[in-house]
């Protein structure tokens with residue numbers, strides 16, 4: 001009775017040891033992969049920094065002006081190009097559309113007014 | 124039976140022996156396994172060294188920390204950043220053939236001298252020599268391909284300014300070791316070294332570009348020595364744009380001339396001429412010494428001690444206070460100032476920040492030079508901007524205080540969500556009158572060419588003879604214009620100074636001719652960028668209350684000059 005228990009325990013120990021080893025190696029491998037990835041990320045970040053600086057330099061206003069005068073010939077905004085919102089003609093609504101259907105919320109059921117307190121709302 | 128017993132006894136002995144041996148062997152094996160087990164636990168669970176490594180390597184993903192913070196403008200445009208660049212160095216001890224190595228390196232880096240390189244590579248007593256700092260990735264690749272023993276790269280962080288010379292006088296520059304030498308780079312050196320995220324300035328590169336371009340054009344047109352320009356936020360004191368011309372590339376600061384490096388906007392102090400009439404008129408009205416209908420006889424020049432005060436735009440008549448201002452009469456201004464108490468101007472100028480170095484975050488700041496004392500003669504000359512030197516930034520800040528009523532400290536850092544304190548300088552009423560007067564100058568007299576359509580510009584011209592060795596050189600001028608827009612609720616002050624413009628068509632290159640058009644063009648271009656929208660009609664608070672209507676000819680109280 002005793003012997004098989006001890007045997008099973010020994011077997012389990014061996015299996016556990018084996019699994020532990022495997023996991024350790026796997027973690028080691030992942031660790032190495034992480035280090036490589038981190039290294040790549042760092043390198044890429046550095047490239048991003050360089051490209052960002054390059055982007056801002058390429059987009060500096062002086063260069064854009066030169067490019068504009070060469071290819072687009074856009075002009076600065078003139079004050080006459082601004083319009084007041086009130087000067088825009090409103091859309092003409094046909095009379096037939098003005099007769100709206102009755103609002104069901106206002107019509108149906110008992111009034112909900114009594115549920116609100118009379119005090120002024122301070123919000 | 125006996126034999127069996129004897130057999131049994133020998134058997135038993137052997138069995139005992141075997142058992143002991145087995146126990147001994149088993150213990151040994153068990154011990155060995157125990158050691159392995161302990162080590163297993165140690166390696167897999169308790170290994171601290173590994174743990175440290177993991178933390179270190181994992182942290183990298185958080186982002187690279189550069190040794191110096193970025194500088195950005197108010198819209199997040201990059202003004203200064205750090206880049207890692209390779210530098211080429213050699214370990215002369217490891218170099219086998221210095222001459223051959225030098226020859227092949229010079230082919231890739233033609234800027235280096237071969238003889239110097241051979242000397243450097245043959246110095247066997249050293250184990251580190253910089254050959255060239257800051258090389259390009261292409262050059263790095265080429266040198267790497269040579270595969271010379273003892274030649275290697277060291278990566279260094281290098282400061283880089285993507286906007287080049289556009290913002291150089293505000294941002295400044297650093298040396299090779301990334302130490303700030305000028306501008307914000309110098310003033311905020313410690314903050315930048317701490318690197319807690321980018322440092323945001325109040326500058327706007329778009330406005331900066333417009334101002335710089337227009338000024339550059341005018342400087343070339345009038346063959347001037349240089350100039351300075353500032354756009355200031357009236358309500359916070361934030362510097363939206365700061366230009367000083369000529370300027371230079373921050374990467375080549377070492378080769379820039381003194382004139383290029385000199386910040387004319389904040390460091391240079393000048394007699395700014397008639398711009399000071401703004402302050403003089405404001406003092407007069409605020410102190411109650413004069414009212415709008417007080418008039419002075421400006422027909423004859425004033426002779427006082429060794430000075431003669433005369434008018435450039437002589438009107439040859441009796442002028443009211445508003446007329447003195449809009450026609451820029453020196454005689455009239457001096458007569459107004461003659462009525463001031465000894466301490467009045469000084470007190471007022473102190474409130475306007477005109478007598479101390481500016482608060483702007485730059486090391487290159489000029490200390491104003493007021494007159495030696497506030498005797499009557501100096502009080503009179505100061506009234507039209509002679510005998511007192513301040514930087515253009517001082518003038519812009521003070522004008523902002525006049526049109527706002529409150530004085531705000533000039534700053535280069537963005538003040539988002541931070542409470543800005545202004546100190547009250549003049550009353551709302553005086554401020555309103557001053558704004559109307561500034562508008563009159565642009566509508567009717569010397570400031571006409573600054574009138575950007577629909578943006579309601581107000582302003583004042585200033586033309587000052589350049590002081591030279593104690594006297595004045597009438598052929599050399601500082602021509603300025605200070606503009607405010609929109610005048611009904613001032614948002615921005617624009618000041619432009621052109622140093623020593625030359626005559627064109629024998630016309631005196633005054634502030635109205637040289638600086639005012641620049642301000643006009645700049646305002647019409649930057650107003651939409653700064654979200655100031657055109658006002659088609661006159662706003663209610665300036666419509667119908669033009670100064671002309673306020674002064675009844677019958678009520679004019681005339682004061683005749685006694686000097």
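Chains as they are written, first to last, in my numbering: chain A, 1 to 123; chain B, 124 to 686.
All C-beta atoms, glycine included, are put in the ideal place defined by N, C-alpha and C.
The model shown is predicted, which means the values in this text are computed figures rather than measured ones.
query	result
Given residue 488/B as reference, the closest of 396/B, 477/B, 236/B once Cα atoms are compared	477/B
Classification of residue 16/A by the beta-carbon crowding that lies within 10 angstroms, buried from 16 upward	exposed
Chain-ordered neighbours of residue 286/B on chain A, where CB pairs are closer than 9 angstroms	56, 57, 60, 61, 62
Inter-stretch contact at 8 angstroms, needing at least 3 Cβ pairs: the segment 502-518 of chain B / the segment 305-318 of chain B	no
Test: residue 201/B CB closer than 8 angstroms to a CB of chain A	yes
Residues within the segment 15-32 of chain A neighbouring chain B, beta-carbon criterion of under 7 angstroms	17, 20, 24, 31
Backbone secondary structure at residue 368/B - three-state DSSP	strand
Residue 445/B in three-state terms, based on DSSP	helix
Cut-off 7 angstroms between Cβ atoms - residues of its own chain near residue 209/B, not counting five sequence neighbours on either side	258, 263, 276, 278
8 angstroms Cβ cutoff, residue 52/A in contact with chain B	yes
Sheet register partners of residue 596/B (DSSP bridge)	589/B
Chain A contact residues for residue 578/B, given Cβ-Cβ distances below 7 angstroms	79
Spatially closest choice to residue 610/B from 594/B, 539/B, 580/B, 627/B, by CA coordinates	580/B
Cut-off 8 angstroms between Cβ atoms - residues of its own chain near residue 190/B, not counting five sequence neighbours on either side	205, 280, 301, 316, 318
Length of the line joining the Cα atoms of residue 135/B and residue 163/B	41 angstroms
DSSP three-state assignment for residue 350/B, whether helix, strand or coil	strand
Closer than 8 angstroms to chain B by CB, residue 76/A	yes
Any alpha helix (DSSP H) of 4 or more consecutive residues that is wholly inside the segment 31-96 of chain A	61-67
Alpha helix (DSSP H) segment containing residue 455/B, residue limits	453-460
Cutoff 8 angstroms: residue 432/B Cβ touching any chain A Cβ	no
Within-8 angstroms CB hit, residue 343/B to chain A	no
Continuous alpha helix (DSSP H) assignments of at least 4 residues falling wholly in the segment 203-277 of chain B	221-231, 237-245, 260-269
Contact set for residue 532/B: own chain, Cβ-Cβ below 6 angstroms, skip 5 residues either direction	360, 482
Local conformation of residue 649/B per DSSP, three classes	helix
Span of the beta strand (DSSP E), counted from its first residue to its last, around residue 622/B	615-622
Distance between residue 202/B and residue 499/B (C-alpha atoms, nearest Å)	48 angstroms
Residues that residue 188/B contacts on chain A, provided the C-beta gap is smaller than 9 angstroms	Result: empty, since nearest Cβ-Cβ is about 11 angstroms, beyond 9 angstroms.
Chain A contact for residue 256/B (CB, 8 angstroms cutoff)	no
Simplified DSSP assignment, three categories, for residue 603/B	strand
Close Cβ partners of residue 463/B (< 8 angstroms) along its chain, the five nearest in sequence each way excluded	406, 407, 410, 412, 502
Which residues DSSP lists as bridging residue 323/B, in chain order	195/B
For residue 451/B and residue 436/B, believed in contact at Cβ under 8 angstroms, the rounded distance	6 angstroms
Residues bridged to residue 512/B (per DSSP)	492/B
Run of the alpha helix (DSSP H) containing residue 506/B, from where it starts to where it stops	499-506
Residues from the segment 226-248 of chain B in contact with chain A, defined by Cβ distance under 9 angstroms	none
Endpoints, the beta strand (DSSP E) within which residue 700/B is located	Because chain B spans 124 through 686 in this model, residue 700/B falls outside it and cannot be assessed.
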